[in-house]
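Number of protein chains: 6
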Amino acid sequence: MYELGVVYRNIQRTDAAVADALARFGAATVHEAMGRVGLLQPYMRPIYAGAQVSGTAVTVLLHPGDNWMMHVVAEQIRPGDIVVAAISAPCTDGYFGDLLATSFQARGARALIIDAGVRDIKTLAEMNFPVWSKCISAKGTIKATLGSVNIPVVCAGALVHPGDVIVADDDGVVCVPRAMAAATLDAATKREVNEGAKREKFAAGVLGLDMYGMREPLAKAGLKYID
Amino acid sequence: MYELGVVYRNIQRTDAAVADALARFGAATVHEAMGRVGLLQPYMRPIYAGAQVSGTAVTVLLHPGDNWMMHVVAEQIRPGDIVVAAISAPCTDGYFGDLLATSFQARGARALIIDAGVRDIKTLAEMNFPVWSKCISAKGTIKATLGSVNIPVVCAGALVHPGDVIVADDDGVVCVPRAMAAATLDAATKREVNEGAKREKFAAGVLGLDMYGMREPLAKAGLKYID
Amino acid sequence: MYELGVVYRNIQRTDAAVADALARFGAATVHEAMGRVGLLQPYMRPIYAGAQVSGTAVTVLLHPGDNWMMHVVAEQIRPGDIVVAAISAPCTDGYFGDLLATSFQARGARALIIDAGVRDIKTLAEMNFPVWSKCISAKGTIKATLGSVNIPVVCAGALVHPGDVIVADDDGVVCVPRAMAAATLDAATKREVNEGAKREKFAAGVLGLDMYGMREPLAKAGLKYID
Amino acid sequence: MYELGVVYRNIQRTDAAVADALARFGAATVHEAMGRVGLLQPYMRPIYAGAQVSGTAVTVLLHPGDNWMMHVVAEQIRPGDIVVAAISAPCTDGYFGDLLATSFQARGARALIIDAGVRDIKTLAEMNFPVWSKCISAKGTIKATLGSVNIPVVCAGALVHPGDVIVADDDGVVCVPRAMAAATLDAATKREVNEGAKREKFAAGVLGLDMYGMREPLAKAGLKYID
Amino acid sequence: MYELGVVYRNIQRTDAAVADALARFGAATVHEAMGRVGLLQPYMRPIYAGAQVSGTAVTVLLHPGDNWMMHVVAEQIRPGDIVVAAISAPCTDGYFGDLLATSFQARGARALIIDAGVRDIKTLAEMNFPVWSKCISAKGTIKATLGSVNIPVVCAGALVHPGDVIVADDDGVVCVPRAMAAATLDAATKREVNEGAKREKFAAGVLGLDMYGMREPLAKAGLKYID
Amino acid sequence: MYELGVVYRNIQRTDAAVADALARFGAATVHEAMGRVGLLQPYMRPIYAGAQVSGTAVTVLLHPGDNWMMHVVAEQIRPGDIVVAAISAPCTDGYFGDLLATSFQARGARALIIDAGVRDIKTLAEMNFPVWSKCISAKGTIKATLGSVNIPVVCAGALVHPGDVIVADDDGVVCVPRAMAAATLDAATKREVNEGAKREKFAAGVLGLDMYGMREPLAKAGLKYID
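Protein chains in written order, with this note's numbering: chain A, 1010 to 1236; chain B, 1010 to 1236; chain C, 1010 to 1236; chain D, 1010 to 1236; chain E, 1010 to 1236; chain F, 1010 to 1236.
As structure tokens, this is what we get:
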């Protein structure tokens, strides 16, 4: 599935205005706006609470216990990017710590999404460099085997192409394909307007049963109330 | 095991004074006071730290990827209730977010216990609406299949009847059957008095070996000290 | 593998100056300084963020659902110790709460490392008594079966001898064998000096590719750049 | 949730003719016939392939690492029963081996369903005594703590009352409540007749799309074919 | 990531001669021949031992608890195909049983690869219809939501395009992209010739240390022998 | 914890007569005979059913994704040995296949115990070379990093010293320390004699309650029978 030992230098990033604008909607709304696809597995968790970001994906494929390509991908980062790291087989090692984070941040990266472990998480929080990862591990890695940079990767069950938009917050991580990004932004904007009105009604005690007109379809489906 | 497509409107709730009084003891003490039964599996975790609640259970059975019945259960909530949501097969989807929380809170619910995922957790924390869940997931659900409301459910390995008391804090979630609630409150109260005295002794350096008279039974069991 | 029913009273602790000095380097640096061995499995997580400790191990072997030996090990604690608890078969019960923590703290223990569950975690955080555990569970335990104290134990996949140094922080838990402790302290000190210089260069935008001279070995390994 | 230290001697078993007749339909058909409820979690697997049984449940609640109540439940077994064993907290120990199996078989038990481990599985296969369990483990247990016999239990996520029917085969384990057993037998019988006709059509190459009239609802739902 | 509600009728299948020829090498050799990529996660296991197949992928994306699209994909099967089923969120339900298997087999399918559960496994074994799945579950599914057929899918962590070659045996499942299939067949053939010669030497007692000339690189890497 | 880059050539093996004699008792009996310690985690499963072996341990420590040391350990195998392979961090790769098995078998090894994956399992079964492993995976490994041979290792949670006895069958894997091997053989022999007598009584319908005199202690513990 994967081409090994290559670095694609010229990738087509999603328009920055679109990529940046998606952050404020958060993963749940963006995921809905896309039609409920593109979500990374829920085992991907932020190393600290409260971060909410979006950005364009630069991808890296690594091997178990080997973070050599992390240094290769660093050079390909541009301001506004989010690095998405996939591993060729399940691994819990800590591929990334405060030194690499300093480098990534200096290059303009906004976050790291990695289907493996990270470390130095206290320092990463102090640096305001958010990471969504499978686990946290103090275990370091070696630098021995080639992977690839900016090829399409499968990260935590989701396909990510370089240049796609990543949206991540406390609810998880979503990948928005470049071709769908503008439409997703539109749909998310509309959704949010809607939600504000609904929230007020719910707060006033209106039931979803009435607001969404569910009583009839529920009855039709056979729901019975017993006193 | 489950009756499908029914909503029981009239359930017998545990006396509110008893249900409310259990909160301050917390899950661990209440669990001990009941004889070490009734605990939901430890994979049930709060979405934010520090919440400690008790209340009467209204139950809902949902299907994988389908949260239709969440709107049905909302109508059955009375002030002081805690919604307990079971799923008919393992699922990690995010069944519940800030809109439903607004509705539940407006109806008087104190918390949600759900053997699946939730989302909008940052907003839920700001709203002070605590949730104990199996996971966190931005993935939404559809509204297509009937479940039931206020039938007995198995949630995270524990049997919960509507009207039972739920006690939840950072240590986990306990279900106290209605018939045992008053006795459990008594036992918990006694237990706590006891614990205060013990804590002081421990703080003063007294060993459990001496306080509990364990040296003799340990010796009898064959424990050997080697210098 | 295990000798049952024994308590070794005289163990050889790592020199306190060395054991204490390791704390500030943290688990990741110490783990690297030892040659990337000695790490407990990454499922071992702190019950609250931010604690960073080191100390000498006193060990205890317990059985599933039984914390009797916790009271036996309490007597063997000396100021500066960290209790390392292994279970003879996988168990998620809450073996340890605020009462035992009061006792351990009164004896001078700095932390507990346990391959099972703990409870009363809100109180433990208020007491500033850190615990690294496999899970959190309100479920209590009985006191019926003998284990052992201060025998070598396997805790979360790592072999720990009494008197070894434990280093634990948000990244995980490392065991430094007594015989390697002084050398590890030296190596960690050197490593840290190095890291400061590197961090500055990374922050200034220097790439690891150049700083570590990786371009040539990467090319030799066959890495290709595609424009 | 659980009453501890009690043995109910007189339970109302499902009519034997009904309980026995359900075996030949297997877990999948019976589960469908009940409306897709009552299934134990899919981690429950047979220790050898090919067994297919049904029988009336006698239940036992055990504690982690303690199989004392297995001997108590043995006395309550009648020919045609299946023992359903729940544990009060997750445990992987081997609670049951060839000796207990000899006793159970002598009493007329047809199988064991246990939410924990078993051992001596080669001998159990030779004895033709099937077990569905969470795992296999050589680790034995002690005999120290009271549980209960013939109380309602939650086993692998499903509620089982004494006297319910258990149906188990290579696909898993289903619990049919006593009150639903006769109706389920009817529904399963009808379902099977239906399935024979369908199988022939499928074998002849007829598509489900046509046989079930799905083309129109799929088109209505918006399905598009692209050449 | 996924286009929903579409069925691609015309896909470019890998040349049948190549696709068929890969079966006899098995998953491990094919995986090596491709450069150690393309493997589905090892939790994918065959429902019975001994099957070894290859074929061209037709893909289907399903939703949790919903197998409607299984009937849609059936129509797209041609002799020599293997159906690859991905689910849009983790699910353990039994999506596939003997009826669908009869239909798939009648259309010429050789196997099913599904990142969820299957049922009727005894009958599937008797029919000689192999399945590699995440689990086995008697739980059925509904038919309510559109997915897609013959779009690229991520199945058990691997990206599969329609028309790629699937190779599966007791060791697992590998996806060979169409563009790499011929080259992979060549590489696998060479690899196998090599292995025969090696096997004979190993059987005669020759060590890999000598056969592969490893003694010098091991010494260079610092390996020390201690008597 | 681990010494890296060393091979101990002279290890003290348990007396062959003792090591060989333990096989026929199997893992469960041997584990009981040792006092219920020394068991590897129950996730260690045989790749095929029915094998039952014992032998002296030669140990190897490997790194994730790297099986270089497998060739180094091969040279240290003597007839009657069982290779015990530990990995320095969790890994599911297939470290071992039919070629290495041919080499190990030619050297006289009886089995492999590995806390990771294996492949070519159909061929291994045909060769009658049993393996107990964490998983099965077609994924191969590289040969780049030094581990060690014949140092004490932690394998699947159990400490194994070179020269200890390994006993493995369908119930799991037990490690008997060299110093305890003779005593364990005695204890196992006595246990087995006992078991034969018990089995006959159980088969004749005698209850464990009576055979073990449990009625009185159960009553004393408070067990109540309810009619």
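Ideal Cβ placement from N, Cα and C applies to all residues, glycine included.
All of these numbers come straight from a predicted model, not from anything done at the bench.
In the displayed model, threonine 1065 of chain E falls within a strand according to three-state DSSP. Take alanine 1030 of chain F, set aside five residues on each side of it, and the residues of its chain with a beta-carbon closer than 7 Å to its own are Leu1194, in chain order. Under DSSP, leucine 1168 of chain D forms a beta bridge with D:Val1163.
In this structure, the beta-carbon distance from valine 1163 of chain F to leucine 1070 of chain C does not fall below 7 Å.
Using a CB distance cut-off of 7 Å, glycine 1181 of chain B does not count as an interface residue toward chain D. A Cβ-Cβ contact shorter than 7 Å links aspartate 1180 of chain C with arginine 1128 of chain A. By the CB criterion at 7 Å, alanine 1125 of chain B and lysine 1143 of chain B fall inside the cutoff. Here the C-alpha atom of alanine 1032 of chain A lies approximately 32 Å from the C-alpha atom of asparagine 1159 of chain E.
The DSSP-derived three-state label of aspartate 1090 of chain D is strand. Each residue's CA atom was taken as its position, placing proline 1088 of chain B and alanine 1177 of chain B some 17 Å apart. For leucine 1121 of chain F, the enclosing beta strand (DSSP E) has its first and last residue at 1120–1127. Contact annotation: the region 1196–1215 of chain E touches the region 1099–1116 of chain F, with at least three C-beta pairs closer than 8 Å. One alpha carbon belongs to asparagine 1076 of chain B, the other to glutamine 1050 of chain B, and they sit about 22 Å apart.
Annotation for methionine 1220 of chain A: Lys1207, Lys1210, Phe1211 place their beta carbon closer than 8 Å to its own, counting only its chain and skipping 5 residues before and after. In terms of Cβ geometry, alanine 1147 of chain E and leucine 1048 of chain D form a close pair [threshold 7 Å]. The shortest CA-to-CA distance from proline 1055 of chain D to any of D:Glu1041, D:Val1046, D:Asn1137, D:Ile1020 is the one to D:Asn1137.
The distance from the Cβ of glutamate 1041 of chain E to that of arginine 1187 of chain E is about 19 Å, inconsistent with a contact at the 8 Å cut-off. Residue pairing from DSSP leaves arginine 1033 of chain C without any beta-bridge partner. Taken through DSSP and simplified to helix, strand or coil, lysine 1210 of chain C comes out as helix.
For glycine 1074 of chain E, no chain A residue has a Cβ inside 7 Å of its Cβ, as the nearest lies near 14 Å away. Relative to the Cα of methionine 1189 of chain C, the nearest Cα in the group C:Ile1175, C:Ala1083, C:Val1182 belongs to C:Ile1175. Within the same chain, Ala1197, Arg1200, Glu1201 come within 7 Å of threonine 1038 of chain A by CB-CB distance, once the 5 residues on both sides are set aside. Aspartate 1178 of chain B: member of the beta strand (DSSP E) spanning 1174–1178, first to last residue. Taking C-beta atoms as the reference points, leucine 1216 of chain D and alanine 1083 of chain E count as a pair closer than 7 Å. Cβ-Cβ separation between alanine 1165 of chain D and tyrosine 1052 of chain D: approximately 7 Å, consistent with a contact (criterion under 8 Å).
By the criterion of a C-beta distance shorter than 6 Å, histidine 1170 of chain E is surrounded in its chain by Pro1161, once the five residues flanking it on both sides are discounted. Contact of tyrosine 1011 of chain A with chain E is assigned, a C-beta pair being separated by under 7 Å. Nearest to threonine 1068 of chain A by C-alpha distance, out of A:Phe1034, A:Ile1151, A:Arg1224, A:Cys1184, is A:Cys1184. A check of alpha carbon separations from tyrosine 1017 of chain C across C:Ile1086, C:Ala1060, C:Val1062, C:Pro1073 identifies C:Ile1086 as the nearest. Closest by C-alpha distance to aspartate 1090 of chain C, out of C:Gly1074, C:Ala1115, C:Ser1097, is C:Ala1115. Flagged as an interface residue toward chain D: glycine 1231 of chain F, by a C-beta distance shorter than 7 Å. Rounded to the nearest angstrom, the gap between the Cα atoms of glycine 1044 of chain C and tyrosine 1011 of chain F is 9 Å.
Isoleucine 1235 of chain A: member of the beta strand (DSSP E) spanning 1233–1235, first to last residue. When 8 Å is used as the limit between beta carbons, alanine 1115 of chain E is near these residues of chain D: Phe1211, Ala1212, Ala1213, Gly1214, in chain order.
According to the DSSP assignment, glycine 1217 of chain B belongs to the alpha helix (DSSP H) that extends over 1217–1220. Per the C-alpha coordinates, the member of F:Gly1014, F:Val1081, F:Phe1034, F:Leu1133 positioned closest to glutamine 1061 of chain F is F:Phe1034.
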